[in-house]
Structures are given as structure tokens and as C-alpha cells.
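Count the sequence shown with the working numbering and you get residues 899 to 1028, in order.
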Amino acid sequence: MRALPNKHWDPTSSAERDDAGRSDSIPHHFCLFEIEEHPAMLKVARALWRLLPGTLPNFTAARYTAADHIAPHDDLVAEEYEWDEAVTLSEKYERKLWPPQARRPFGFSRWKGSRPFKRKVALVYYLNKA
């Protein structure tokens, strides 16, 4: 992860997001990296996801520098996914290219609009400099 150029890390902060009315709104500032774009990290995410069958994977790497922070929180966040987003994730995690009429990513039946998914497990793995 140290080798990833800064351009791959997306900054996120509560000042940039209009989420003040959301139940999961917490003060924060750090950088995110979508691990599906990194082959080695995707392999790790696939292995972890296989431990939780019947779930939709949501893995992200975060980087905190000396100026970054996040307030205490509980991680009980509902994520919203559209059907096409689930199909795209499925193609990366299940390694299946679905014919349009047979798409059943992660075993789910097709839905319209966005659908909420509750987080069942949150895992934090800290890598610190010695």
C-alpha cells in the first residue's frame, strides 16, 4: 500500500460531504482507496468475503496521516447499492461474467432502484510504521 501513488488515494472528509442529516454522519478526514483496483488487495478481499457467504462485499483501504482523524463511531451503516453496482462487484469477486438475462450476483434476485445492505462485519487492520 505504501507503493501506491497519492493519485490513487481519494480524500474524504465531513466538510466535503453533505451528510449532516444522516444518522452515520461523523467528523472525519482521511483518504480512501478502492481495493478492487489493486490485484493483490482484491485477492485478500476475496478470501475474506468467502468467509461470509450470502453477503455483498464492501472493502476499502483507508490511510490516515498526522492531520487526519475520525470520531468514535459504531460502523452500523446501511450501504445502498443499485443492481448494476452489484453486478460489477460480482464480476470482480465471483469472477463471473453474467449474461444479461442470467445475472444473479451473490445469489440475489434483481431489484430496481437502490437497495440497502446492512454491514454485518467491520474489520480494521492497522499497519503502522515501526
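Heads up, the beta-carbon is just placed ideally off N, CA and C, and yes, glycines get one too.
Tell me the DSSP bridge mates of residue i?
i: E932; result: T958
i: I968; result: H926
i: D908; result: L930
i: S1012; result: E980
Can you tell me whether DSSP reads residue i as helix, strand or coil?
i: P951; result: coil
i: R1017; result: coil
i: D973; result: coil
i: P1003; result: helix
i: Y979; result: strand
i: A901; result: coil
Rounded to the nearest angstrom, what separates residue i and residue j at their Cα positions?
i: K1018; j: E989; result: 22 angstroms
i: A964; j: R1001; result: 44 angstroms
i: G1005; j: L949; result: 15 angstroms
i: R961; j: A938; result: 17 angstroms
i: P909; j: I968; result: 13 angstroms
i: V975; j: N1026; result: 26 angstroms
i: L986; j: D972; result: The question names Leu, but residue 986 in the sequence shown is Thr. T986 and D972: Cα-Cα distance of roughly 28 angstroms.
i: I924; j: K994; result: 36 angstroms
With distance defined between alpha-carbon atoms, name the residue in the options nearest to residue i.
i: C929; options: A984, T958 and Y991; result: T958
i: T953; options: V1022, K1016 and L1021; result: K1016
Assuming residue i and residue j form a contact by the criterion Cβ under 8 angstroms, report the distance between their Cβ atoms to the nearest whole angstrom.
i: P1014; j: E978; result: 6 angstroms
i: E980; j: S1012; result: 5 angstroms
i: D966; j: H927; result: 5 angstroms
i: I933; j: A943; result: 5 angstroms
i: A984; j: P1003; result: 4 angstroms
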